[in-house]
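Engineer:
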Amino acid sequence: MASSKGSSVMQQTAKAAKNFYKNPDVWDCSPQERDLIQRRAALRKKLKKGLVLGVGNPLLDISCHMGPEFLKKYDLKANNAILAEEKHMPMYEEMKAMPEVEYSAGGATQNSMRVMQWIMTNKHKQVGTFMGCVGKDDNARILQEKAEQAGLRIEYQVYSKQPTGTCAVVVTGEDRSLCANLGAANHFTIDHIHEPCNKAIIEKANFAYISAFFLTASAESALEIAKQFAARDDKTFSMNLAAPFLAQVYTKQLMSVFPYIDILFGNDEEFVTFAKVNNLEIDMKDHEAVAKAVSKMEHVGKHKRIAVLTQGKNPVIVACGFLQCRHGNLLKTESPDLELTVRYNEEDWFDPVSSDDVKIFPVIPIPKEMIYDTNGCGDAFVGGFLAMYCLGKPIECAVKCGIYCASEVIQRSGCTYPEKSNWRF
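With the first letter of the sequence shown counted as 1, position 10 gets the number 20 in our numbering; the numbers rise by one all the way through.
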């Protein structure tokens, strides 16, 4: 079962590759090809089912382009996220009546998990598992169908006394305002993660991701998962600051989980608000200093915290105590064993600038006319980051993948993406 010398690995048949894994000597190929095949085989072993666990608030997104007067009418702000109050309830029906209204499976964590699974491609189903609480209604069925179509394993808790949660995504120009009516999502209980099936899922996962939005539903569940992951050297716990108001209103809940966070995501406004709430004595206009200070706050475990601060069209900032992370060296150049092909017109957009404690990554410039809305960009960035990080790739690779995912989502309505990605690994 031999192939001619010098032929590329991508042209070898699946059968030949399968035989090679059993007995490398039977495949007549170059040392470089053999090395590549072996590394790809090792990569596939890492892509086990249930590798990444996401827990959050599953919501049905109701998205529509509206004018500034709509924001004023319902006391909303562009590029902000809040929980719905009584005054916001008529808004949902008003948006549903609009002819251009769109529906999609949403919720911050579920979005990130879908994007992560998209990067993994259809060859690697159920690398991610998502848990959350839904109602016993048709919206729950739609949510589960869409999430499973994305390749995720879904383990929803069902609360029949409330409808499945919804989130109004009000798009004004390039901006978006989120207003979530949590409904059943707010009734997630710790009993769900104690069920034998779900305990096994948590035990099997090596990575967990939870948005701070989930703290409004079940902070005790988030804390228990965080502690379980912090106690194991082979596990990583990550969280997103999600929205400025969470650090202000749910300070106690957030700070109870914070010491266990290995990777903290958030945008510049969220990081600055968090720093102010914690009375950090730094220049709040210096976002590099903010990320650095937050990364060095109290952390349980042997590993230094990684702080990942996004700034929209401005560079991504990554800070870590000793620039050393659990799965790679932060200052390490992109590993040659990672076979990635991302097709861009420019090849040099990804040239990080390093300082002693911080690394800066320029983002992909998207022409204004190609921007549809920014809803879901932050979630997409996290999904791309986790997809590479959970495979043990250097931080550069994770950030690059996150930026790529955000650049795709920003050109579409909500947190949606093309059928296939151009990211190869």
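Note that beta-carbon positions come from the ideal geometry of N, C-alpha and C, so glycine has one too.
None of the values given here were measured: they were computed from a predicted structure.
Drop a sphere of 10 angstroms on the beta-carbon of T343, count the other beta-carbons inside from all chains shown, and report buried for 16 or more, exposed for fewer.
Structural biologist: Note that T343 scores a pLDDT of 27, beneath 50, so its modelled location is shaky and nothing firm can be said.
Engineer: Can you check whether the CB of G60 is closer than 8 Å to the CB of T182?
Structural biologist: Cβ distance not < 8 Å, so T182 and G60 don't count as in contact.
Engineer: If we ignore side chains and look at the alpha-carbon of each, how far apart do I164 and E291 end up?
Structural biologist: Cα to Cα, the separation comes out at about 43 Å.
Engineer: Just how far apart, CA to CA, sit I271 and L233?
Structural biologist: About 10 Å.
Engineer: Going by the DSSP bridge assignment, what does Y84 pair with across the sheet?
Structural biologist: Y84 is not bridged to any residue.
Engineer: Indicate whether G424 and V392 have their beta-carbon atoms separated by less than 8 Å.
Structural biologist: No. Outside cutoff.
Engineer: Relative to the C-alpha of A126, which candidate in E406, D389 and S187 has its C-alpha closest?
Structural biologist: Checking the displayed sequence, the identity of residue 126 turns out to be Met instead of Ala. That would be D389, whose Cα lies nearest to the Cα of M126.
Engineer: Express the C-alpha separation of M249 and D293 in angstroms, rounding to a whole number.
Structural biologist: The straight-line gap from Cα to Cα measures roughly 24 Å.
Engineer: Answer yes if the region 219-233 comes into contact with the region 60-72, meaning at least three C-beta pairs across the two stretches below 8 Å, and no otherwise.
Structural biologist: The region 60-72 vs the region 219-233: in contact.
Engineer: I'd like to confirm the pairing. Which residues does DSSP put opposite M398 in its beta bridges?
Structural biologist: According to DSSP, which records beta bridges pairwise, M398 is partnered with nothing at all.
Engineer: Return helix, strand or coil for E159, following the three-state DSSP convention.
Structural biologist: Correcting the residue type first, residue 159 is Gln in the shown sequence and not Glu. DSSP places Q159 in helix when its eight states are reduced to three.
Engineer: Apart from the five residues just before and just after E96, which ones in its own chain have a Cβ nearer than 6 Å to its Cβ?
Structural biologist: Counting only Cβ-Cβ distances below 6 Å, and skipping sequence neighbours, we find nothing.
Engineer: Is it buried or exposed for E349, if we count other Cβ within 10 angstroms and need 16 for buried?
Structural biologist: At E349, the pLDDT of 30 sits below 50, so the modelled position is not reliable; the number obtained from the coordinates is stated separately. Label assigned to E349: exposed.
Engineer: Relative to the ligand GDP, is the shortest distance from any of its heavy atoms to the C-beta of A301 smaller than 7 Å?
Structural biologist: With respect to the ligand GDP, the structure offers nothing, as it holds no ligand at all.
Engineer: Please classify M99 as buried or exposed, where buried requires at least 16 other C-beta atoms within 10 Å of its C-beta.
Structural biologist: It is exposed - the Cβ of M99 has fewer than 16 other Cβ atoms within 10 Å.
Engineer: May I ask which residues mark the beginning and end of the beta strand (DSSP E) holding M249?
Structural biologist: Residues T246 to N250.
Engineer: Tell me the residue span of the beta strand (DSSP E) that contains M141.
Structural biologist: Where M141 is concerned, the enclosing beta strand (DSSP E) stretches over G138 to V144.
Engineer: Under the rule that 16 or more other beta-carbon atoms within 10 Å means buried, what is N385, buried or exposed?
Structural biologist: N385 comes out buried.
Engineer: Just tell me which of C400, K369, K209 and L256 has its CA closest to the CA of K302.
Structural biologist: Checked all of C400, K369, K209 and L256; the closest Cα to K302 is K369.
Engineer: With distances taken from CA atoms, which of A317, V287 and E280 is nearest I273?
Structural biologist: Ranking the options by Cα distance to I273, first place goes to A317.
Engineer: Per DSSP, what are the beta-bridge partners of N191 in this structure?
Structural biologist: T176.
Engineer: Applying the criterion that 16 or more other CB atoms from any shown protein chain within 10 Å of the CB defines a buried residue, is H204 buried or exposed?
Structural biologist: H204 comes out exposed.
Engineer: Looking only at DSSP bridge pairs, what is S73 linked to?
Structural biologist: Note: S73 sits in a beta bridge opposite E112 and V179.
Engineer: Taking only three categories from DSSP, how would you classify N208?
Structural biologist: Note: N208 maps to helix in three-state DSSP.
Engineer: Suppose you measure from the CA of D361 to the CA of V137; what does that come to, to the nearest Å?
Structural biologist: Residue placement at D361 is flagged as unreliable, the pLDDT there being 48, under the threshold of 50; a coordinate-derived value is accordingly withheld.
Engineer: Look at S417 and I381 and say whether their C-beta atoms are less than 8 Å apart.
Structural biologist: Cβ atoms of S417 and I381: not closer than 8 Å.
Engineer: Write down the C-beta distance between Q167 and H202 rounded to the nearest angstrom, noting that I regard them as a contact closer than 8 Å.
Structural biologist: The Cβ separation is near 4 Å, so the contact holds.
Engineer: If distances are taken between C-alpha atoms only, which option among T199, E308 and L192 comes closest to S231?
Structural biologist: Taking only the C-alpha atoms, the option nearest S231 is T199.
Engineer: DSSP beta-bridge partners for I374?
Structural biologist: I374 pairs with nothing; no bridge assigned.
Engineer: For T176 versus D147, is the C-beta distance shorter than 8 Å?
Structural biologist: Not closer than 8 Å, so no.
Engineer: Taking only three categories from DSSP, how would you classify R186?
Structural biologist: Of the three classes helix, strand and coil, the one that applies to R186 here is strand, per DSSP.
Engineer: F391 by DSSP, collapsed to three states: which one?
Structural biologist: Of the three classes helix, strand and coil, the one that applies to F391 here is helix, per DSSP.
Engineer: Leaving out the 5 sequence neighbours to the left and right, which residues in its chain are closer than 6 Å to E112 when beta-carbon positions are compared?
Structural biologist: Answer for E112: S73 and S423, listed in chain order.
Engineer: Going by DSSP, what residue range makes up the alpha helix (DSSP H) through A257?
Structural biologist: Run containing A257: P254 to V259, per the alpha helix (DSSP H) assignment.
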